[in-house]
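Numbering (the numbering used here), first residue to last: 10 to 374.
Take a look at the structure below.
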Ligand code: TRP
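This is the structure in structure tokens:
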């Protein structure tokens with residue numbers, strides 16, 4: 010057998026513009042993976058069908074955010090020549106595969122999926138009122154991954170239960186129907202601070218509803234305003250007082266973004282972040298100085314992204330064309346896998362001359 014191809018696949022729900030939490034948690038790494046070229050194929054997709062499972066009354070929001078997310082991807086440096094960018098709903102094979110996967114998963118297994126469990130609680134779906142589509146989205150996500158024979162799924166820790174469930178489905182499928190699909194593994198962010206960036210208000214997570222996000226598409230002016238209003242150390246009232254780093258969002262963001270070279274450029278009084286932190290905890294360093302530095306660092310990272318976005322926004326039809334071509338390419342792979350799946354499941358009635366001959370013989374006597 011030929012060596013297994015190394016295939017990356019990952020995606021995002023189009024429920025809002027992407028923010029700097031997405032950037033440090035995943036986008037930055039995706040661009041590196043794309044450029045390192047250690048993988049045979051790479052897919053990044055917009056999970057609009059999954060977004061609809063819990064935004065069923067808001068199709069317009071999903072539609073608007075498909076293009077926003079595509080712009081965010083491209084402006085971060087994902088290159089359609091190297092990565093297949095596609096939209097989930099445009100690949101009908103995904104729904105087909107999901108339907109067959111439903112035979113392989115029990116209701117109780119879905120109920121045990123921790124992500125589904127917490128989301129059911131969070132959204133307050135009482136008992137039986139949960140929409141079937143939402144309840145079964147781990148199955149659909151298993152199809153997203155396995156239809157493209159992905160070996161590697163870069164994602165946050167919160168997606169591990171989805172990957173576990175996908176592997177179970179693959180094992181079950183291959184056991185019943187013969188070796189066809191590939192077991193995927195998760196690729197977690199390497200840097201702990203990058204796993205989950207808190208909101209600008211210090212709350213655990215950036216979220217649109219809390220209004221505590223810094224978006225990739227924010228202007229320099231918006232960025233400055235948001236950084237200036239960031240949560241720091243509430244007990245650090247006078248400059249001379251020692252400041253605390255724990256839960257201090259300015260320093261958490263610096264951990265995630267700043268490099269030694271930023272000090273040379275923007276704050277030459279210090280050599281690196283350790284020196285800055287030492288001064289802050291010793292006392293005598295004001296939040297204003299740290300915020301100004303953070304603004305400069307963030308702006309330096311976001312400026313090229315913003316500039317690329319501005320270019321892309323001038324030709325939106327071209328962006329849709331990139332997505333259309335990506336969908337076409339993704340479908341070629343999808344059709345190939347579904348042919349194999351149908352053959353394995355013995356539902357390939359019309360492309361199996363042997364089957365037809367066999368049946369003819371059976372009925373001939
Ligand atoms: N569930 C993922 C999220 O909420 C999005 C997603 C859908 C995904 N299908 C996927 C991620 C397949 C990785 C692989 O972010």
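In this text, a Cβ means the ideal position worked out from N, Cα and C, and glycines have one as well.
CB-CB length for residue i against residue j, believed under 8 Å
i, j, result
"residue 97", "residue 73", "Their Cβ separation, rounded to whole angstroms, is 16 Å, which puts residue 97 and residue 73 out of contact at 8 Å."
"residue 193", "residue 181", "With 8 Å as the limit, residue 193 and residue 181 do not qualify as a contact, their Cβ atoms being about 14 Å apart."
"residue 80", "residue 322", "7 Å"
"residue 15", "residue 161", "7 Å"
"residue 263", "residue 282", "6 Å"
"residue 325", "residue 76", "7 Å"
"residue 275", "residue 33", "Going by Cβ atoms, the distance from residue 275 to residue 33 rounds to 19 Å, so no, they are not a contact pair."
"residue 42", "residue 51", "7 Å"
"residue 294", "residue 223", "Between residue 223 and residue 294 the Cβ distance is about 23 Å, and since that is not below 8 Å, they are no contact."
"residue 292", "residue 94", "Wrong, their Cβ atoms sit about 49 Å apart, outside the cutoff."
Residue from the options whose Cα sits closest to the Cα of residue i
i, options, result
"residue 196", "164, 172, 223", "164"
"residue 221", "208, 230, 231", "208"
"residue 296", "244, 274, 153", "244"
"residue 31", "48, 216, 194", "216"
"residue 199", "166, 26, 48, 187", "166"
"residue 25", "219, 311, 292, 51", "219"
"residue 227", "316, 240, 287, 142", "316"
"residue 151", "237, 214, 56", "56"
"residue 312", "20, 22, 23, 29", "29"
"residue 154", "78, 351, 168", "168"
"residue 242", "269, 280, 300, 279", "300"
"residue 118", "145, 371, 27, 327", "145"
Backbone secondary structure at residue i - three-state DSSP
i, result
"residue 104", "helix"
"residue 253", "coil"
"residue 214", "coil"
"residue 238", "coil"
"residue 88", "coil"
"residue 94", "strand"
"residue 354", "coil"
"residue 21", "strand"
"residue 270", "helix"
"residue 157", "coil"
"residue 365", "helix"
"residue 302", "helix"
"residue 123", "helix"
"residue 48", "coil"
"residue 31", "helix"
"residue 313", "helix"
"residue 170", "helix"
"residue 195", "strand"
"residue 279", "coil"
"residue 326", "helix"
Inter-residue spacing [alpha-carbon to alpha-carbon] between residue i and residue j
i, j, result
"residue 53", "residue 83", "11 Å"
"residue 183", "residue 90", "33 Å"
"residue 210", "residue 302", "18 Å"
"residue 259", "residue 114", "45 Å"
"residue 354", "residue 100", "20 Å"
"residue 45", "residue 71", "32 Å"
"residue 364", "residue 343", "24 Å"
"residue 256", "residue 206", "11 Å"
"residue 246", "residue 230", "26 Å"
"residue 374", "residue 367", "12 Å"
Cβ neighbours of residue i in the same chain (closer than 7 Å, five flanking residues each side left out)
i, result
"residue 122", "147, 170, 174"
"residue 314", "84, 85, 225"
"residue 110", "148, 151, 152, 178"
Contacts around residue i, its chain only, beta-carbon distance under 8 Å, and the 5 residues preceding and following it disregarded
i, result
"residue 347", "102, 105, 106, 156"
"residue 271", "302, 305, 306, 309"
"residue 172", "154, 162, 164, 193, 194, 195"
"residue 13", "160, 191"
Contacts around residue i, its chain only, beta-carbon distance under 6 Å, and the 5 residues preceding and following it disregarded
i, result
"residue 289", "252"
"residue 240", "210, 211, 258"
"residue 124", "170"
CB contact check: residue i to chain B, cutoff 8 Å
i, result
"residue 117", "Structure shown: chain B not included; a single protein chain is present."
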